[in-house]
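Okay, so here's the structure we're looking at.
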Amino acid sequence: MEIIVLVKEVLDPDLPPSKFSVDTKNNRVIPPEGIPPVISPYDAVAIEAALRIKEEAGGRITVVSLGNPSAEAVVRKALAMGADAGIVVSDPSFDLEDSYLAAHILTQTIRKIGKYDLILCGRQAVDWDRGVTGPIMAEYLAVPVATLARAIKVSDRSVRVERVLADGHETLEMDLPAIITVSNEFGQARIPSAWGVIKAVKEEIPVWSAKDIGAEDAQNKDNPGEGRLRRLYIPSYERKCEFLTGERPEELAAALVKKIYSRETASP
Amino acid sequence: MTEKFDAIVVGGGPAGCASACVMAKSGLNVLLFERGQYAGAKNMWGGAFFGPQLKELFPNFREEAPVERFVTRHTFSFLTKKGSTTLDFKPAFSGPPSDNGFIVMRAKFDKWLAKKVEQAGAIVVTSMLVDDLLLDGGRVTGVRIGKEEFSSDAVILAEGVNGILAQKAGLCSGVSADNMKQGVKEVIALPKQTIEDRFNVNGSEGAAMEFVGSCTRGVPGGGFLYTNKESLSVGIVVELGALVKNRLKASDLLEEFKEYPDVARLIRGGKTVEYSAHLIPTGGLKMMPKLFSAGVLVAGDAAALVLGTGLILEGANFAMASGVAAAETVITAKKKNDFSETALRDYERLLREGFVLRDMHTFKETPRLLKNTRIYDLYPEVVFEVLENILENDGKPRTKAYKIAGKVIKTRVGFARLLSDLWAMRKMT
Ligand SMILES: Cc1cc2nc3c(=O)[nH]c(=O)nc-3n(C[C@H](O)[C@H](O)[C@H](O)COP(=O)(O)OP(=O)(O)OC[C@H]3O[C@@H](n4cnc5c(N)ncnc54)[C@H](O)[C@@H]3O)c2cc1C
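Structure follows, in structure tokens:
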């Protein structure tokens, strides 16, 4: 079983809001100094899923991260957890904010890797929460896809997936090769062992550029676009407390209703 | 896996990083464990790095290290409820900044140090709490993390204050609150320009300010304020035993400290972005554990190698210097392939030849003398009152300064007591 897991490096979602700041001119989050990024938590669950499949059915796990060269650290973490090989895909020309482009670049990467039975990724990256890369890649690669997996069982040439639904779950069966996006209900990602980390430190992690994977045209590729980021900002919530006064309950209730419908308190 | 390491270092602070770096550079196969998510994640201090240790180890540190500001101004204030008296030390400054202090934030600085350790060729493993030592007869042969075991010729314990492993190795037997100070600090964000205007510094210049007096309510210790690039570190350091005895909380004292006009004015308008607390082993030579035994050496705070003279607190440079000495000892031991207690005795010799143990000896009485509470509640007031009486002009005929001083001392302290305190203090700083 050849398994490829796609992982993304994100800002630590457990950071206190005070550590965040936004470059409003360029619509970018300014990464807090000194605090390293982490594997997007759902992607870590995808690695866990791959490891459990490997433990059951045997095989080899290759972890791929598209992003900055610094993504090497999250790939190494995946190796420490037990993955067999890692690749970073990075090129200054990549526009990583566009999911279609990201899916295209990753598809090119998969084509270069060549052989695969299963591609796993997290249900969504916790930075933009779009959750579309997996399904778009399935289109590009023309393979079946199941999203929001909470259980995965592979047999010879097919895979059975339990999908999380709003009111329960459904079970699908697909032919391999296939893509699965894994949900947190799958289980906890394991913590790497110290020996795992030591082994991972010594591993070579190649960095593939646009040229290496034949994605030099990534910028020009005709993509439908998914909307443009207009404004990035940290929402601020202001609280005001006001006491309404009045003699009778009816009077107070009327004042309250008036207040609620007034422009001041109406939602922006 | 059964790979054996030449040395395992526990702790990615200044002591651990310095020792791992030196050993790796000399070709040893070194493994460093740090419990934090990254080196520095769990660490805090005032703080400024004093002395040439950094430069000796990393000649290019000025260009590379995440130094917030270079200390070009150092103030010492006596605080009282009525007002303050300050000594403002600002050497005329030209050319490259001197080694009088480099203000750094540990989260960034330790991370940088750990990077240097990796570049030197050691393996750094973070998020790993070493919870036990491997022992063979009385000899330390490695460490244990959960069920995983790691063996090595030597283990360097650089685990910081209150180290449990040094206790497990039988090198020390716990610590007492009277030998500990607790530091609490806030990082308060302010724009760069505001800091430069308020503290009268430019560019990479920075101020280190120390405060002694009523701010600790008679508890031995003091307050501090250091300028970072775009924030201030404001905190107090107070003796743990006395805090408990006086039923005080360090966090309350910090709140009060921030309200003193001397401090309030400087932090005005800033936003607290970080709050942290940490212990400091300030018992001096008397609390120092046994520094080594077969297969194991202790460095830095874990060995209580901290110098608190009452003026400033030096720990990081002692940690680094002791880490280097431990590393050199292991390098020699490796050449002879002898890690017995006798072979590791070199460590103590190196510490004695350098400043670490010499300073600890020179100031061996200081921790005891600093427990004199008059330093904190009485003398700052005396200094203030003397100056108040000298400088106050109420239109009446005046008295000579020494007479004023004499009168204040007589009524507030008593000459005999002052003389005995002064006699004792000559050994202090
Ligand atoms: C408020 C305050 C202000 C200070 N101001 C100054 C100053 O201005 N100048 C100065 O020179 N010194 C100052 N100090 C002292 C200085 O911070 C210490 O002396 C110095 O950090 C000691 O370095 P170390 O490497 O020995 O220990 P630490 O810096 O404490 O490092 C120990 C490391 O070991 C790790 N660790 C511990 N146990 C384990 C384990 N079992 N497994 C894995 N990892 C472990 C910890 O996470 C930590 O990273 C100050 C201290 C405080 C608290």
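Protein chains in written order, with my numbering: chain A, 14 to 281; chain B, -5 to 423.
By construction, the Cβ of each residue, glycine as well, lies at the ideal position given by its N, Cα and C atoms.
To the nearest angstrom, how far is the alpha carbon of residue i from that of residue j?
i	j	result
Trp39/B	Gly278/B	18 angstroms
Arg243/A	Gly200/B	40 angstroms
Leu305/B	Phe70/B	8 angstroms
Lys67/A	Leu133/A	13 angstroms
Phe27/B	Lys128/A	38 angstroms
Glu22/A	Ile100/A	13 angstroms
Ala179/A	Lys253/A	36 angstroms
Asp130/B	Ala163/B	11 angstroms
Ala310/B	Met174/B	16 angstroms
Ala164/A	Ser112/A	26 angstroms
Gly348/B	Val119/B	30 angstroms
Ala159/A	Arg176/A	7 angstroms
Glu263/A	Asp191/B	58 angstroms
Phe193/B	Leu260/B	8 angstroms
Asn233/A	Phe107/A	Bear in mind that a pLDDT of 46 at Asn233/A, under 50, signals an unreliable position, so the number given afterwards is only what the model happens to contain. Rounded to whole angstroms, Asn233/A to Phe107/A spans 11 angstroms at the Cα level.
Val88/A	Asp125/B	27 angstroms
Lys365/B	Val20/A	56 angstroms
Leu345/B	Gly197/B	37 angstroms
Phe333/B	Leu299/B	23 angstroms
Ser316/B	Gly21/B	20 angstroms
Ser249/A	Glu268/B	20 angstroms
Pro281/A	Ser275/A	Per-residue confidence for Pro281/A stands at a pLDDT of 45, beneath the threshold of 50, marking its modelled position as unreliable; no derived number is given.
Leu107/B	Ile192/A	41 angstroms
Phe55/B	Leu154/A	50 angstroms
Glu186/A	Lys166/A	9 angstroms
Glu136/A	Ala162/A	Note that residue 136/A corresponds to Arg in the displayed sequence, not to Glu. Approximately 8 angstroms between the Cα atoms of the pair.
Val377/B	Val292/B	42 angstroms
Val232/B	Ile369/B	13 angstroms
Val172/A	Val220/A	31 angstroms
Pro5/A	Val257/B	Residue 5/A falls outside the range modelled here, since chain A spans only 14 to 281, and no answer is possible.
As a quick exercise: from the options, pick the residue whose alpha carbon is nearest that of residue i.
i	options	result
Asp246/B	Thr210/B, Asp172/B, Ala9/B	Thr210/B
Phe199/A	Leu24/A, Glu15/A, Asn40/A, Glu61/A	Glu61/A
Glu110/A	Pro45/A, Leu79/A, Ala57/A	Leu79/A
Asn40/A	Glu255/A, Pro262/A, Tyr246/A, Glu264/A	Tyr246/A
Phe64/B	Glu58/B, Phe72/B, Gly77/B, Phe43/B	Phe43/B
Asp415/B	Val181/B, Glu204/B, Leu363/B	Leu363/B
Lys76/B	Phe333/B, Val407/B, Ala337/B, Leu372/B	Leu372/B
Ala91/A	Asp225/A, Phe33/A, Ile52/A	Ile52/A
Glu229/A	Leu119/A, Asn197/A, Lys32/A, Val167/A	Leu119/A
Ser222/A	Met14/A, Lys125/A, Gln137/A	Lys125/A
Glu379/B	Asn240/B, Thr367/B, Thr405/B, Phe55/B	Thr405/B
Leu273/B	Val350/B, Glu375/B, Asp295/B	Asp295/B
Ala399/B	Ala171/B, Lys390/B, Ile384/B	Ile384/B
Phe270/B	Ala244/B, Glu308/B, Gly389/B	It is Ser, not Phe, that sits at residue 270/B in the sequence shown. Of the candidates Ala244/B, Glu308/B, Gly389/B, the one whose C-alpha sits nearest the C-alpha of Ser270/B is Ala244/B.
Gly229/B	Ser198/B, Asn240/B, Thr266/B	Thr266/B
Lys215/A	Met354/B, Trp417/B, Gln161/B, Ile117/B	Ile117/B
With a threshold of 7 angstroms (Cβ to nearest heavy atom), would residue i be considered close to ligand 2?
i	result
Ile274/B	Summarising the ligand content, the structure contains ligand 1 and does not contain ligand 2.
What are the residues of the region 145 to 158 of chain B that lie near chain A, defined by any Cβ-Cβ distance shorter than 9 angstroms? The residues in question: there are none.
Select from the region 32 to 50 of chain B all residues with a C-beta closer than 9 angstroms to any C-beta belonging to chain A, and list them in chain order. Cβ contacts with chain A come from Tyr32, Gly34, Ala35.
Relative to chain B, which residues along the region 153 to 174 of chain A have a C-beta separation below 8 angstroms, given in chain order? Taking 8 angstroms as the Cβ-Cβ cut-off against chain B, none of the residues of the region 153 to 174 of chain A qualify.
Which complete alpha helix (DSSP H) runs does the region 200 to 244 of chain B hold, if anything under 4 residues is left out? Qualifying alpha helix (DSSP H) stretches, in chain order: 234 to 239.
Start-end ranges of the alpha helix (DSSP H) lying completely within the region 17 to 92 of chain A, minimum 4 residues: The DSSP assignment places complete alpha helix (DSSP H) segments of no fewer than 4 residues inside the region 17 to 92 of chain A at 54 to 70, in order along the chain.
Name the residues in the region 83 to 117 of chain B whose C-beta lies less than 8 angstroms from a C-beta of chain A; which are they? The region 83 to 117 of chain B vs chain A, Cβ under 8 angstroms: Met99, Ala101, Lys102, Lys105, Ile117.
Could you run through the region 115 to 135 of chain B and flag, in chain order, every residue whose CB is less than 7 angstroms away from some CB of chain A? Taking 7 angstroms as the Cβ-Cβ cut-off against chain A, the residues of the region 115 to 135 of chain B that qualify are Ile117, Val119, Met122.
Please list the residues of the region 207 to 222 of chain A that have a C-beta atom closer than 9 angstroms to any C-beta atom in chain B, keeping them in chain order. So the list reads Ala207, Trp208, Val210, Ile211, Lys212, Val214, Lys215, given in the order they occur along the chain.
Can we say the region 127 to 139 of chain B touches the region 282 to 294 of chain B, given the rule of at least three CB pairs closer than 8 angstroms? Short answer: they touch.
Near-chain B residues of the region 46 to 75 of chain A (beta-carbon distance less than 8 angstroms), N- to C-terminal order: The residues in question are Glu46, Gly47, Ile48, Pro49.
Is the region 139 to 156 of chain B touching the region -1 to 12 of chain B in the sense that three or more CB pairs, one from each, lie closer than 8 angstroms? Under the 8 angstroms Cβ criterion, the region -1 to 12 of chain B counts as touching the region 139 to 156 of chain B, having at least three qualifying pairs.
Which runs of the alpha helix (DSSP H) fall wholly inside the region 141 to 185 of chain A and span at least 4 residues, in chain order? The region 141 to 185 of chain A contains these whole alpha helix (DSSP H) runs: 146 to 154.
Of all the residues that make up the region 265 to 295 of chain B, which are near chain A by a beta-carbon distance shorter than 9 angstroms? Cβ contacts with chain A come from Lys265, Thr266, Val267, Glu268.
Are at least three pairs of beta-carbons, each pair with one atom in the region 338 to 345 of chain B and one in the region 321 to 329 of chain B, less than 8 angstroms apart? Three or more beta-carbon pairs drawn from the region 338 to 345 of chain B and the region 321 to 329 of chain B are found closer than 8 angstroms, and the two stretches are therefore classed as touching.
Three Cβ pairs or more, each shorter than 8 angstroms: is that satisfied between the region 42 to 61 of chain B and the region 229 to 248 of chain B? Result no; under three Cβ-Cβ pairs closer than 8 angstroms.
Minimum length 3: unbroken beta strand (DSSP E) runs contained in the region 147 to 192 of chain B: Within the region 147 to 192 of chain B, the runs of beta strand (DSSP E) that reach at least 3 residues and sit entirely inside it are, in chain order, 174 to 183.
Anything in the region 20 to 45 of chain A with a Cβ closer than 7 angstroms to a Cβ of chain B? List those residues in chain order, please. If the cut-off is 7 angstroms between Cβ atoms, the region 20 to 45 of chain A has Ser31 near chain B.
Under 8 angstroms (Cβ pairs) to chain A, residues found in the region 299 to 333 of chain B: Residues of the region 299 to 333 of chain B with a C-beta atom less than 8 angstroms from some C-beta of chain A do not occur.
Could you check whether the region 165 to 172 of chain B touches the region 17 to 35 of chain B, counting it as contact only if at least three pairs of C-beta atoms, one from each stretch, sit closer than 8 angstroms? Segments in contact, no.
Just to confirm the assignment: which complete beta strand (DSSP E) runs, minimum length 3, are found wholly within the region 249 to 335 of chain B? DSSP runs (the beta strand (DSSP E)) wholly in the region 249 to 335 of chain B: 265 to 275, 290 to 292.
Tell me the start and end of each unbroken beta strand (DSSP E) in the region 35 to 73 of chain B that is at least 3 residues and wholly inside, in chain order. Counting only runs of 3 or more, we get 61 to 73.
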